[in-house]
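All remarks here apply to the structure that follows.
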C-alpha cells in the first residue's frame, strides 16, 4: 500500500484514476446510447485536419492515431505509464530501499510508454474492425487530396498518406508520384489521380492548395 500512496508514485496513481474514470465515462455514455470514443474521434478529425507540420503528422502516424480509436490509445498510454512507473518503483525500492523521485521517474515512464502505445496500436489496427474504410470505395478516393504522413514518395516507392473521404472518414493509403522526376515530401498535399492496386495510388502535387 505504501507504494501507491508514496509521493513519488503520485503521477502513476493519477494516471490509473484517470484511466478508470475514462472507462466509467465510456460505460455511462454507452448506456445512454452515446460513445465518448466516437465523439473524441470526430472532434479530433475536425480540428486535427487543420494541424500542419511534419512533426505533428509523423508523430500521429507513428502512434497509429486514425487507425485505432483515439480513446483506446489514450487508455493504453495511461495504463503503460502507470504500470511502468509502479514497476520501476518496486524494483528500485527492493534493490536500494527508496522510490524514484517523480521528476525523474515520470518523464522516463512517459518516454517508455510511447513504444508500448505504438506496438499496441499496430496490433489493434490489424484486429479491430476497419470502420473508417469499410463503407468507402477506394476508387472513390481518386480526385481527392491526400497529405503525405512521412518520408519521401518516389515512383515505385510509395509513402503513407492520409485522405478524407466524401463522408468525412479518414483513410490511410500509399501514394507515389506519376513521374519519375517527382518526389513528395512529408506533409505535402497530393491530388490522387489513379488507383494502382489495393490502397496504392498515383498522385500529383495539389494544383490548388488554397482550396483544400
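In our numbering, the protein residues as written are 1 to 212. Idealized CB from N, CA, C, for every residue including glycine.
The count of Cβ pairs closer than 8 Å, one atom from the segment 20-29 and one from the segment 110-129, stays below three, leaving the stretches out of contact. In the three-state scheme derived from DSSP, where H, G and I count as helix and E and B as strand, residue 67 is classed as coil.
A check of alpha carbon separations from residue 96 across 71, 88 and 176 identifies 88 as the nearest.
Linking residue 196 to residue 141 through their CA atoms gives a straight-line distance of about 12 Å. Around the CB of residue 9, 16 or more other CB atoms lie within 10 Å, so the residue is classed as buried. With a 10 Å radius around the Cβ and a threshold of 16 neighbouring Cβ atoms, residue 186 comes out buried. Boundaries of the alpha helix (DSSP H) harbouring residue 102: 102-127, taken from the DSSP string.
With fewer than 16 other CB atoms across the displayed protein chains lying within 10 angstroms of its CB, residue 166 is exposed. Residue 3 and residue 90 have their C-alpha atoms roughly 7 Å apart. By the neighbour-count criterion, in which a residue is buried when 16 or more other Cβ atoms sit within 10 angstroms of its Cβ, residue 12 is buried. In terms of Cβ geometry, residue 175 and residue 203 form a close pair [threshold 8 Å]. Here residue 161 carries a strand assignment [DSSP, helix/strand/coil]. With respect to the 8 Å criterion, residue 173 and residue 163 are classified as neighbours on the basis of their beta carbons. For the pair residue 169 and residue 200, the Cα-to-Cα distance works out to about 18 Å. Within the DSSP bridge table, the entry for residue 177 names 203 as partners. In terms of CA proximity to residue 75, 25 leads the group 105, 107, 144 and 25. The beta-bridge partner set that DSSP reports for residue 146 consists of 163 and 190.
Remark: C-beta atoms of residue 113 and residue 84 approach each other more closely than 8 Å. Counted as a single uninterrupted DSSP element, the stretch harbouring residue 99 is not any alpha helix (DSSP H), since DSSP gives it neither H nor E. In the displayed model, residue 16 falls within a helix according to three-state DSSP.
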